[in-house]
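Number of protein chains: 2
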Amino acid sequence: MALNLGKRPVSRLRRSPHAEPARTPEELRARLGREKVLLELAQRRSYAYDGIAMGATPALVVLPETTEEVVEVVRFARQVGLPIVARGAASGLSGGAVPLEASIVVSFTRMTRLQIDPRARRAVAQPGVVTARIGEQARPYGLAYPPDPASFRTSTLGGNLAENAGGPLCFKWGVTGDYVEALEFVDFEGRVHRLRREAYDLVGLLVGSEGTLGLITEATLRLVPLPRYTRTLMAVFAEVGQAAEAVSAAIAAGAVPARLEFMDQGCIRAVEDYLRLGLPREAGAILLVETDGDDPLMVEEELSWVAEACQRHGGKVRVARDAAEREALWQARRAISPAIGALRPKRLNEDIAVPRSSLPQVVRAIEALGRQYGLQVVQFGHIGDGNLHPNVLYDPRVDPEEKVWELLHEIARVALRHGGVLSGEHGIGFLKRDFMREAVDAATLEALWRIKRAFDPEGRFNPGKVLPELHSGPGPG
Amino acid sequence: MALNLGKRPVSRLRRSPHAEPARTPEELRARLGREKVLLELAQRRSYAYDGIAMGATPALVVLPETTEEVVEVVRFARQVGLPIVARGAASGLSGGAVPLEASIVVSFTRMTRLQIDPRARRAVAQPGVVTARIGEQARPYGLAYPPDPASFRTSTLGGNLAENAGGPLCFKWGVTGDYVEALEFVDFEGRVHRLRREAYDLVGLLVGSEGTLGLITEATLRLVPLPRYTRTLMAVFAEVGQAAEAVSAAIAAGAVPARLEFMDQGCIRAVEDYLRLGLPREAGAILLVETDGDDPLMVEEELSWVAEACQRHGGKVRVARDAAEREALWQARRAISPAIGALRPKRLNEDIAVPRSSLPQVVRAIEALGRQYGLQVVQFGHIGDGNLHPNVLYDPRVDPEEKVWELLHEIARVALRHGGVLSGEHGIGFLKRDFMREAVDAATLEALWRIKRAFDPEGRFNPGKVLPELHSGPGPG
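As they're listed, the protein sequences go chains B and C.
One gets this note's numbering by counting positions in the first sequence from 1 and adding 12 to each.
One gets this note's numbering by counting positions in the second sequence from 1 and adding 12 to each.
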C-alpha cells in the first residue's frame, strides 16, 4: 500500500473569487461576512486559552465556514505577516491551541458538515464536527468511530487530528490517525491539497502535527462495524501497584480489552465527592475494564480472564449487570477531569507513557514525588497502553509555580528513566516543548525542523509549539 | 498519541572508528572486509535488476552487516558523489531497487538479525530478514506478524518497509506500516536516527518511501496473538463480474474476511498448467476466502455469510475440510506469479486499486482492453480492498514494447476514471513514475518534492524513483 495515487485535482472548489488577498481586517470582514471576523477585544479575549493554559489575546479571530474562506484567511495572514493558530473546542491540555503572540486565531467551530456513507463505511467530516457526533451519526447503520478522548462530547475532530488523540478504546481499537483515509488541507500559500495515504504519507505527517504544518479542512474517516456485545467490570485494589500487576497479568493471559482504565485514590475520592456514585473512598486504586466483540461467549470469557487476573492480585471485582451499571462506571471515568479540577484552583498534567512492566514502580515513584514536594498528585489513565496522566493540583496563591514545574519535570524524568515517553496522547503544545530537548536527540530534532520548514517556510502556523529552538535562533536558517 | 517522545540517543552504537570517510572503493573494501564490497563486473551485474525490470550495472555493491557499516557506505557515497540504491531480495515489481545510473547498491541481505520479545509482543529485525521468518519465529509464542506479500518466502523486511507491502491478509489485518513501532535509519549525512511514531511521524514517512529518503537499518515490529481458528473456501464463477458482485455482497453482509483473493480465467489456467491442482479451467473467476478468529462458531458463521453471498451470485462453493486442503488452495494463490511468468517471456503488471463497487466494470473493461490490443492480460488480486494486479504478458520478439506500455497506461486510466489509484501495494518505482503526473496535482507533487529535499538535499537516495521531475529540471531548486 505504498503509493495510493488517486486522481485528485488541487481543488473541487470554485476558485477563490478574489485574485488578491484582503489587505486589512476590515477588508477580510467585508469578504467573509461580519459575524465571521471578530475584531472587538471582548470577543477576542475568549480565544486566548485552551483547557489548561492562558496565552496572548489574538489580533483577530476568524470563524470560517468553508475551505475557500480558510484559503482567504491564509492569504490575508501572509499579506499582513501574522501567524495563524488553529482552534477547535479548545479542550486540549498542552497549550497547543493557545496563541503565544499577536496572531490570527482560526476557530473551526462553524465547519461542522458531516456525511456518513454506510456502504463505503466512511465518514467525511469538517474539522469543527464534535467527536461524539461521528459515532452518533454512524450508529444507526451499525457502524462506529472508535477514537474516544475523554472530552469527546465537546472536543472537535480538528483538535483530535492535530493531537492524534486516543482515548480508552485506543488499546484495542487504535487512535485517531488509524481511522484517517484522506485529508484536505490548506498550505502556507493558501493552496488546497487533497491527500490520501500515500508516498510519502503526508496524511500521517499532518495528523499529530498540532497545527504547525498547515490547516486541515476536511477528513475522510474509516468507520468499523459496531461490536455486538460489551461487558464491563470494576476491580478495586488496596494498593496501586497491585492494579498495575493485574493489568500485566490479564494481557499476558491473552486478553485484549477494548478499554482498560486506571484511577488512583486521589482520583477516586475526587470523583466520589463530585458525583456520589458510591465509589470506595478507601481503595488504593480502581481498574475499569471492558471487553467487546460479536460473540457473547467470547466477550464473557475474555472478561473472566481479566477478572481472574485482578483477583489473583488482590482485586475485588464487580461486573456491571446491565447497561445502566456499565454507564455509571464509565460516567465515573469521564468525570475525572472536572472532578479533580474542582479540588484546587489550578492543575497541570502529565501524559507519560511507560512500558507496562514498569507501571508499578512508576506509579509508586510518582506518588512518592508528590509527597516529597508537598503537592497533591492524582493519577489515572489508559493503563493498558502504559499511558498515565499524573495531575499536579495546586493553588497559585500558596504554591509557587516554579515548584509545580519542577515536580512536573521530575515526573517526566521518571518516565524517561523507565524507557517511557513524554506524551501518550495530549501532544507537546508549548507546555512540554522545553522537555523535548531531553526526549529527542539533536539529529532527529534537526530532521523535525526540516519537515517544519518544508511545509511552513515562513513560520506561519502555530509558532512556538512542539519543536524547541535548535540553537539560540528561531529554528535552523 | 500525537507525540511519543522517548529517550533515544542518536545511537547506541559505538562511534565509527574512522573520522574521515573512505575515499576509494579499495579503501572502503579494506575497512569493511573483502567479501562485503563487490567490484568485479560479473558480480555487479547480478544487482542491476529486480523482479520485473533491468537497470544499469552498479558501480559497486556493498553488503553491510551492521548499521556502522551502512554509515561507512553513506559517508563514502557522499565523498565520491555516487547515488545509493537500497536492495533486499529484489522481488519488487515496480523497478524500485533497480539502479538507473552508476550507483552504489547497498544489498541488505546479510543484515538478518531477528529478536522476538514475546512478553512485549514485539520483534526487532534488521532489513535483510526474510518476511516469512518473522512469523515463523513468533509462532512458538502464539504470536503472528500478519503482513504477507505473495513473495514473503523470499522478500525481505527492508523491501516490505520501502513499499509498505500488503498481502492477502491486509483487508482485515492491515499492511506493513501498521506494524512498525520504531525504526532506525541512516540519513544522507550518515547520521543514525532512532525513531518512534511521533510528532511529526517520521516513521510513517519513511515507510513506503521506496528508499528515496534514507536507509532503514532496523525496525521494531508489533506482533499480534495468533487467531486460533481459520476456515477457507473457494468459490468458482462462470464470469468475473459475478465474483466481484459476490465480494461486495459478502462485505455488506458484515463479513470481514482475513483474506479475499481473486483470480480470472487466464490466471486459473496458468496456475493449473503450472501445478496441476485440479482447478476448473473453464471457470471465469475464482475467489479464495478465509475467515479467522478465536471462536470456531463465529469463524464458521462468518464463512457461511461469504458462502451464501457467493451462491447468490452464481458461485459454486467448496470449503476446505482440513489444513491440507486449505494449504492446497493457498498454494494456488502463491503460484500465480511464477505460473503466469511461464506463459510468455516477459510481463509487466499493474497494481491498481478501485472502489469495490466499480470492480465488475473495471475487471470487464480491462478484459476488453486486452482483446482490443491483442495482448494477453491476466487479472488477480486482493479483491477485498479492490486491489487488482492486471498483468500484460508478451514476447518482446513479436510484441512491440510501446504497445504494451500503451495498454498499461490505458489500464491505469480505467482505474483513475473509476475513482481508483495507481498503486495498491507495489509502489511507484520508476515503472509507474511517469503516470504520477496524471495521478497527483501539481501542488501536492511540489509538497512531495519538498519532503524529498528536506531528507535528501543532495539527491543521494534512489534517484529517478517515485517522483517525476517538476518542470524540466531534476526537481525544484
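Just so you know, even glycine gets a beta-carbon here, dropped at the ideal spot from N, CA and C.
Since the structure is predicted, the reported quantities are computational estimates derived from the model, not experimental observations.
In the structure shown, C:Asn176 adopts coil according to DSSP, grouped into three states. Take the alpha-carbon of C:Leu214 and the one of C:Gly326: they are about 48 angstroms apart.
Here B:Glu113 has Ala68, Pro95, Pro475 and Gly476 as same chain residues with Cβ atoms under 8 angstroms from its own Cβ, once five neighbours each way along the sequence are excluded. Residues of chain C with a Cβ closer than 8 angstroms to the Cβ of B:Arg203 are, in chain order, Ala455. Annotation: B:Glu273 has no Cβ neighbours in chain C at a cutoff of 7 angstroms; minimum Cβ distance is about 16 angstroms. Here DSSP, grouped into helix, strand and coil, assigns B:Tyr406 to strand. CA-CA distance, C:Ala65 to C:Phe442, rounds to 9 angstroms. Contact check for B:Trp317 against B:Ala265 passes: the beta carbons are separated by less than 7 angstroms. C:Phe392 carries a strand assignment under DSSP once its states are collapsed to helix, strand and coil. Nearest to C:Leu233 by alpha-carbon distance, out of C:Leu227, C:Gly202, C:Asp190 and C:Met275, is C:Asp190. The beta carbon of B:Phe200 sits closer than 8 angstroms to the beta carbons of Val86, Arg90, Gly226, Phe467, Asp468, Pro469, Glu470, Arg472 and Phe473 from its chain, once the five residues preceding and following it are set aside; these are given in chain order. For C:Ile423, the nearest beta carbon of chain B is not closer than 7 angstroms to its own beta carbon. By the rule that beta-carbons nearer than 7 angstroms mark a contact, C:Val478 touches chain B. Taking all protein chains in view, the Cβ of B:Gln388 is crowded by 16 or more other Cβ atoms within 10 Å, so the residue is classified as buried. The beta carbon of C:Ala132 sits closer than 7 angstroms to no other beta carbon from its chain once the five residues preceding and following it are set aside.
Inter-segment contact for the region 239–257 of chain B and the region 355–363 of chain B is absent: fewer than three beta-carbon pairs are separated by less than 8 angstroms. Under the 10 Å beta carbon count, C:Thr36 is surrounded by fewer than 16 other beta carbons and is classified as exposed. Taking a C-beta distance under 7 angstroms as the contact criterion, C:Val478 and B:Ala211 qualify as a contact pair. Neighbours of C:Gly104 across chain B, judged by C-beta separation under 7 angstroms, do not exist; the nearest C-beta is about 10 angstroms away.
Boundaries of the alpha helix (DSSP H) around C:Met310: Pro308 to Arg324. Closer than 7 angstroms to the CB of B:Ile463 there is at least one CB belonging to chain C.
Taking a Cβ-Cβ cut-off of 8 angstroms, the neighbours of C:Asp199 in chain B comprise Ala455 and Ala459, given in sequence order. DSSP places C:Lys464 inside the alpha helix (DSSP H), whose first and last residues are Ala454 to Phe467. In this structure B:Pro480 is buried. Its beta-carbon is surrounded by 16 or more other beta-carbon atoms within 10 angstroms. Nearest Cα to C:Leu53 within the set C:Glu312, C:Glu379, C:Pro70 and C:Ala231: C:Pro70. For chain C, the residues of the region 309–323 of chain B that bring a beta carbon within less than 8 angstroms of one of its beta carbons are Leu309 and Met310, in chain order. Annotation for B:Leu420: Leu360, Glu362 and Val404 place their beta carbon closer than 7 angstroms to its own, counting only its chain and skipping 5 residues before and after. The C-beta of B:Ala466 comes closer than 7 angstroms to at least one C-beta of chain C.
Contact check between the region 335–355 of chain C and the region 374–385 of chain C: fewer than three CB pairs, one atom from each, fall below 8 angstroms, which does not count as touching. Close to C:Ser221, with beta-carbon spacing below 9 angstroms, are these residues of chain B in chain order: Ala14, Ala211, Tyr212 and Asp213.
Residue environment: C:Asp304 is assigned as buried (16 or more neighbouring CB atoms within 10 Å of its CB, all protein chains considered). Remark: C-beta atoms of C:Val73 and C:Tyr59 approach each other more closely than 7 angstroms. In the three-state scheme derived from DSSP, where H, G and I count as helix and E and B as strand, B:Lys415 is classed as helix. Listed along chain C are Gly266 and Val268, each with a C-beta nearer than 8 angstroms to that of B:Pro237.
Chain C has a Cβ within less than 7 angstroms of the Cβ of B:Asp307. Assigned with DSSP and collapsed to three states, B:Pro350 falls in helix.
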